[in-house]
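Residue numbers (our numbering): 601 to 998.
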């Protein structure tokens, strides 16, 4: 563990709070635009202070109840796949997946365990459309955690303390889950077994801090195949550079590296995202202003890359009904390029079926994984194989 990870300093806490508050403004604008931010705050921010809230008990990750997927505690939980897709029979790596925000109630600052709506959204979005992109050659650990409510991303400076405390509860749950993940993975596969971090949105937000505080600078960094903090603004200088043993992924089989991108339409407006980015800091306290936002193109896996339709392996339609079947993968659907500002820009406007959850500024945030589901799935396998080749290890069958 990194030397400073045992106890977060007051300065670090203050910087984290600034990050969260600035992001909160960005998130509100992203959904509906500045003229609707006040209404959003009324609708989603809890109407009581964090100190007056009641928190559910901390998770016990020795129990199956605190996992959506776990190869040992919950072996009956299999992630369904689209027709024509199957997993390999060998476990070549393990994946720790940090899910996005699915709790939107203003009743609590952090999601209670028994929130049926949040759990249903997570099943419909994450289990069916996100985590299964990573399991072709790997087992999936998908923990539940007391995630921040969506309204915590909308607070202003008067509620900075509430937002910070909500974020820290979510983060500390994920740290505990990650520690269980490492222990369980070591017991099942040995202490040289590689792993992947994957996540989206709120999960990616916490991942950057987890990488800095608990992986970089430790022996775990050598076992990291790659980290995929998708749907989050990552700075090369402020987020990646302070981790001297982890770098940005520059080619499809690069390892011990990090992939990040955020998807916009051909006329997308990333100005509000840039505003957040310029006003925030990385987990080490380095300001992001005047730094470069990382964009790894998920079609050719190059930094600031551009890719044609022929390289697009397939998009997975977003079917958010709990009982909806998994859609069929559509190949050759999108061409893409990274802009100078670090956005991943689509070459054409997706069909109407892909417009239901589009956000302000042609931001296709909710589709970040769906658009590139097949490319991600293939790339994860490529990086796992590359890690084993570089480390000269025999892949162990289950």
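Where a beta carbon is used, it is the ideal one built from N, C-alpha and C, also for glycine.
C-beta neighbour in chain B for residue i, strict 9 Å
i, result
"residue 659", "The question asks about chain B, but that chain is absent: this structure has only one protein chain."
Beta-carbon gap between residue i and residue j smaller than 9 Å
i, j, result
"residue 974", "residue 927", "no"
"residue 644", "residue 754", "yes"
"residue 861", "residue 896", "yes"
"residue 717", "residue 747", "no"
"residue 699", "residue 831", "no"
"residue 821", "residue 858", "no"
"residue 845", "residue 817", "yes"
"residue 646", "residue 773", "no"
"residue 657", "residue 970", "no"
"residue 806", "residue 767", "yes"
"residue 943", "residue 873", "yes"
"residue 739", "residue 694", "yes"
"residue 855", "residue 951", "no"
"residue 999", "residue 720", "No information on residue 999 is available, as it lies outside the stretch 601 to 998 that the chain covers here."
"residue 662", "residue 710", "no"
"residue 814", "residue 749", "no"
"residue 727", "residue 673", "no"
"residue 686", "residue 984", "no"
"residue 972", "residue 912", "yes"
"residue 590", "residue 809", "For residue 590 there is no data in the structure shown, the boundaries of the chain being 601 and 998."
For residue i, three-class secondary structure by DSSP
i, result
"residue 799", "strand"
"residue 786", "helix"
"residue 864", "strand"
"residue 661", "coil"
"residue 674", "strand"
"residue 989", "helix"
"residue 830", "strand"
"residue 729", "helix"
"residue 770", "helix"
"residue 616", "Low local confidence applies: a pLDDT of 41 at residue 616 is under 50, so the model's placement there is unreliable, with the coordinate-based value given in what follows. Helix, per DSSP."
"residue 793", "coil"
"residue 912", "coil"
"residue 970", "helix"
"residue 963", "strand"
"residue 633", "Only weak support is given to the placement of residue 633: the predicted model assigns it a pLDDT of 49, under 50, and the value that follows is read from those uncertain coordinates. If DSSP states are grouped into helix, strand and coil, residue 633 belongs with coil."
"residue 638", "helix"
"residue 981", "helix"
"residue 949", "coil"
"residue 757", "helix"
"residue 944", "strand"
"residue 934", "coil"
"residue 775", "helix"
"residue 681", "coil"
"residue 918", "coil"
"residue 628", "Model confidence at residue 628 stands at a pLDDT of 43, short of 50, so the residue's coordinates are unreliable; what they give is reported in the following sentence. Here residue 628 sits in helix by DSSP."
"residue 645", "coil"
"residue 652", "helix"
"residue 815", "helix"
"residue 806", "helix"
"residue 975", "helix"
"residue 723", "helix"
"residue 763", "helix"
"residue 780", "helix"
Residues that residue i bridges to, as DSSP identifies them
i, result
"residue 739", "694"
"residue 667", "743"
"residue 903", "896"
"residue 708", "None; residue 708 has no bridge partner."
"residue 718", "The partner list for residue 718 (beta bridge, DSSP) is empty, contrary to what the question assumes."
"residue 748", "710"
"residue 824", "795"
Check: residue i C-beta below 8 Å from any heavy atom of the ligand GTP
i, result
"residue 937", "As far as ligands go, the structure on display features none, and thus does not contain the ligand GTP."
Given 8 Å, three or more beta-carbon pairs between the segment 727-737 and the segment 774-789: Fewer than three pairs of CB atoms, one per stretch, sit closer than 8 Å, so the segment 727-737 makes no contact with the segment 774-789.
Cβ contact check for the segment 742-761 and the segment 654-669: 3 or more pairs under 8 Å: Yes: the two stretches touch, three or more of their Cβ pairs being nearer than 8 Å.
Touch test, the segment 835-843 against the segment 880-888, Cβ-Cβ under 8 Å, three pairs minimum: A contact exists between the segment 835-843 and the segment 880-888.
Stretch pair the segment 927-938 + the segment 888-908: three plus CB contacts closer than 8 Å: Contact between the segment 927-938 and the segment 888-908 is present, with at least three C-beta pairs closer than 8 Å.
Given 8 Å, three or more beta-carbon pairs between the segment 786-799 and the segment 976-991: Proximity of the segment 786-799 to the segment 976-991 meets the contact definition, three or more beta-carbon pairs being nearer than 8 Å.
The segment 956-968 in contact with the segment 864-873 per 3-pair CB rule at 8 Å: The segment 956-968 makes contact with the segment 864-873: 3 or more CB pairs, one atom from each, lie closer than 8 Å.
Validate contact between the segment 915-926 and the segment 884-902 using beta carbons, cut 8 Å, 3 pairs: By the Cβ criterion, the segment 915-926 is not in contact with the segment 884-902, since fewer than three pairs of Cβ atoms, one from each stretch, lie closer than 8 Å.
Beta strand (DSSP E) runs wholly inside the segment 836-890, at least 3 long, in chain order: Within the segment 836-890, no complete beta strand (DSSP E) run reaches 3 residues.
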